[in-house]
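Every letter in the sequence shown is one number past the one before it in full-length UniProt numbering, and letter 235, counting from 1, is 235.
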Amino acid sequence: MNFEFSEEECQFLREVDDFLEENRHIDVMDVTRENMAQVADTPERRAFMKKLARKGWLGITWPKEYGGQDGEGFYEFLLNEKLSSVGAPQIGKGVGIVGKTLINVGSEKLKKEFLPKILSAEVEFAVGYSEPNAGSDAAAMRLKAERKGDGWVLNGQKIFTTSAHFADWYWVGARTNPDVKKHFGISLFLIRMDDPGLTIHPMPTMGGERTNGVFFDNVFVHDDYMVGEENKGFQYIAEALDIERFTLFTISPILGRVRLLCDYVKTATRDGKPLKDDAVIRQRVAQLATQCEVARLLGVKFVDAAVSGSTPTYEASAYKLYATELSLRVANATMDIMGPGAQLALGTEEAPGNGRAESCYTYTVIDTIGGGSSEVQRNIISKRKLGLPKNF
Ligand SMILES: Cc1cc2nc3c(=O)[nH]c(=O)nc-3n(C[C@H](O)[C@H](O)[C@H](O)COP(=O)(O)OP(=O)(O)OC[C@H]3O[C@@H](n4cnc5c(N)ncnc54)[C@H](O)[C@@H]3O)c2cc1C
């Protein structure tokens, strides 16, 4: 078994490193935004995505007929890990969720309209599945879509639509048939984010970043902008969620936080004694570093399953659960080891580790919820890997 990268993979990593070095700027790369660093929410970050597009790195795994490279998913994984290691925006919703679903089930019209724009980073998407009573159980969504002429009229509400305040298009699930079992009455739509029937309300998160509530008031969507077949939306959403669980939660930022903690332990003293000589602290940091290796390998296992053509649902859940819970353990250890000063906010001069402990602590909690909570991932593992009965 060979755990080393091949020569081609190393060459690709060097190329990405050089590119990141050339484009290094705090407006584009900011690790202190934690996992929210992945969104292209400012003009500078969107310009950076366009540069990535010009390198041909947005469609690595897309088929050549749609402008992609028919390349291996492993390169996409390597790229996202590199991008997240420096807090740069990542290839995400557009290329992964929207693009891959359109390639699989979209009409020729939608493919023609959206795929080239996704590949050239000209369009940003927000994803609207969650509602006040439909989070973990996304199939319970109630946003109402009623047939009207050659389209649909949507009324209702979404919550936690993270990119709604800067995205161009909204990828939305809505109930088109209320009279069948909940999983079979949902359809997927694409809606312009500036539709006058949409109202966007900011929802601040405990990590200091923004997500949104979105209200729909008679939003008309033409049939052409329904994705795939009517009432099959939940099937498409479920497949795309497995991709999301993996791509949204990279391991590099967690490795970076462990490095930050190690650097602190190497130099700090408490009661006149160096922390690095404290056996309990050494044990804790070593254990976290070992767990990072486990998380990294779970990630590689997911990519391997995806590349070999199977649907890696269990692997996606195992990775997401382990990596985000590990991130919590790292944040807790950092708080404990850095002491009371660790509670000082990011940017406070006197704060140990420049206040990163506080931002990691508040933000990593969110990562255990978004993209499906830890309990939901455990349910998936119990059912799909262990064959235990379904509990929901
Ligand atoms: C910062 C942030 C950004 C987000 N961005 C988006 C986005 O862009 N688009 C989008 O559509 N959604 C988004 N979400 C929503 C996210 O997917 C949901 O928050 C998540 O699915 C949980 O749903 P909920 O908040 O309604 O909690 P609930 O589903 O109400 O869960 C509450 C608690 O009950 C537990 N629970 C629920 N069901 C079970 C079960 N069957 N067995 C055991 N325990 C269970 C959960 O684990 C949780 O602890 C985002 C969330 C956050 C926090």
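All C-beta atoms, glycine included, are put in the ideal place defined by N, C-alpha and C. Computed from a prediction, not measured in an experiment: that's the story for all the values here.
Nearest-angstrom Cα separation, counted from residue j out to residue i
| i | j | result |
| --- | --- | --- |
| Thr362 | Gly207 | 5 Å |
| Gly87 | Glu22 | 15 Å |
| Met203 | Arg147 | 31 Å |
| residue 394 | Met36 | Limits of the chain in this structure are 1 at one end and 392 at the other, which puts residue 394 out of reach. |
| Leu188 | Gly371 | 18 Å |
| Glu34 | Thr162 | 15 Å |
| Val172 | Asn218 | 15 Å |
| residue 393 | Gly256 | Outside the shown range of the chain, which is 1 to 392, sits residue 393, and nothing can be said about it. |
| Ser120 | Leu58 | 8 Å |
| Val307 | Pro132 | 36 Å |
| Thr176 | Asn231 | 6 Å |
| Glu375 | Glu315 | 15 Å |
| residue 395 | Leu326 | Lying before the first or after the last residue shown, residue 395 is absent from the chain, which here runs from 1 to 392. |
| Tyr170 | Asp41 | 15 Å |
| Ala295 | Pro253 | 12 Å |
| Val258 | Val153 | 49 Å |
| Lys144 | Gly185 | 11 Å |
| Glu76 | Arg192 | 28 Å |
| residue 399 | Ser136 | This structure leaves residue 399 out entirely; the chain is present only between 1 and 392. |
| Lys112 | Ala357 | 46 Å |
| Arg329 | Ala268 | 21 Å |
| Ile91 | Ile381 | 27 Å |
| Ile60 | Glu124 | 18 Å |
| Asp194 | Phe216 | 12 Å |
Boundaries of the alpha helix (DSSP H) in which residue i is found, first to last residue
| i | result |
| --- | --- |
| Phe189 | Not the alpha helix (DSSP H): Phe189 falls in the beta strand (DSSP E), residues Ile186 to Arg192. |
| Arg11 | Checking the sequence, you will find Gln at residue 11 rather than Arg. From DSSP, the alpha helix (DSSP H) with Gln11 extends over Glu7 to Glu22. |
| Asn379 | Ser374 to Ile380 |
| Ala316 | Thr313 to Met338 |
| Leu154 | Counting along the chain, Leu154 falls outside any alpha helix (DSSP H), though it belongs to the beta strand (DSSP E) covering Gly151 to Lys158. |
| Ala357 | Arg356 to Asp367 |
| Phe48 | Pro43 to Arg54 |
| Gly73 | Gly73 to Ser85 |
| residue 480 | Residue numbering for the chain in the displayed model covers 1 to 392; residue 480 lies beyond these limits and cannot be assessed. |
| Glu108 | Glu108 to Leu119 |
| Ile103 | Lys100 to Val105 |
Buried/exposed call for residue i, threshold 16 Cβ in 10 Å
| i | result |
| --- | --- |
| Phe234 | buried |
| Lys64 | exposed |
| Thr313 | buried |
| Asp27 | exposed |
| Gln287 | exposed |
| Phe160 | buried |
| Lys100 | buried |
| Gly106 | buried |
| Ala345 | exposed |
| Met29 | buried |
| Phe3 | exposed |
| Arg270 | exposed |
| Ser85 | buried |
| residue 393 | This structure gives no information on residue 393, because the portion of the chain shown stretches from 1 to 392. |
| Cys360 | buried |
| Asp367 | buried |
| Lys50 | exposed |
| Leu260 | buried |
Residue range of the unbroken beta strand (DSSP E) whose run includes residue i
| i | result |
| --- | --- |
| residue 412 | Residue 412 falls outside the range modelled here, since the chain spans only 1 to 392, and no answer is possible. |
| Ala174 | Trp169 to Arg175 |
| Met203 | Leu198 to Pro204 |
| Phe125 | Phe125 to Gly128 |
| Ala289 | Taken as a continuous stretch (DSSP letters only), Ala289 belongs to no beta strand (DSSP E), being part of the alpha helix (DSSP H) at Ala279 to Val307. |
| Glu146 | Lys144 to Lys148 |
Check whether residue i and residue j have beta carbons under 7 Å apart
| i | j | result |
| --- | --- | --- |
| Gly128 | Lys109 | no |
| Gly151 | Val39 | no |
| residue 416 | Ala164 | Residue coverage of the chain in this structure runs from 1 to 392, which leaves residue 416 outside it and unanswerable. |
| Lys320 | Gln377 | yes |
| Gly347 | Tyr264 | no |
| Lys182 | Ala126 | no |
| Thr205 | Thr211 | yes |
Reference residue i, options the options, closest by Cα
| i | options | result |
| --- | --- | --- |
| Gly355 | Asp367, Met335 and Ala305 | Met335 |
| Asp168 | Lys111, Asn155, Arg270 and Gly94 | Gly94 |
| Ser6 | Met29, Met49 and Glu72 | Glu72 |
| Lys55 | Ala351, Met29 and Phe12 | Phe12 |
| Pro89 | Leu20, Glu349 and Pro274 | Leu20 |
| Thr247 | Asn2, Lys182 and Ala323 | Ala323 |
| Ala134 | Glu113, Phe125 and Gly156 | Gly156 |
| Ala331 | Leu321, Gln343 and Thr211 | Gln343 |
| Gly228 | Val300, Arg270 and Asn104 | Asn104 |
| Asn80 | Asp367, Gly299, Ile369 and Ile200 | Gly299 |
| Ile369 | Ser317, Cys292 and Ser84 | Ser317 |
| Gly309 | Pro196, Phe74 and Ile237 | Phe74 |
| Gly96 | Gln291, Leu83, Ile118 and Lys82 | Ile118 |
| Thr311 | Ala333, Arg384, Leu260 and Glu350 | Arg384 |
| Phe83 | Phe48, Leu115, Gly67 and Gln69 | The displayed chain sequence assigns Leu, not Phe, to residue 83. Considering only alpha carbons, the answer is Phe48. |
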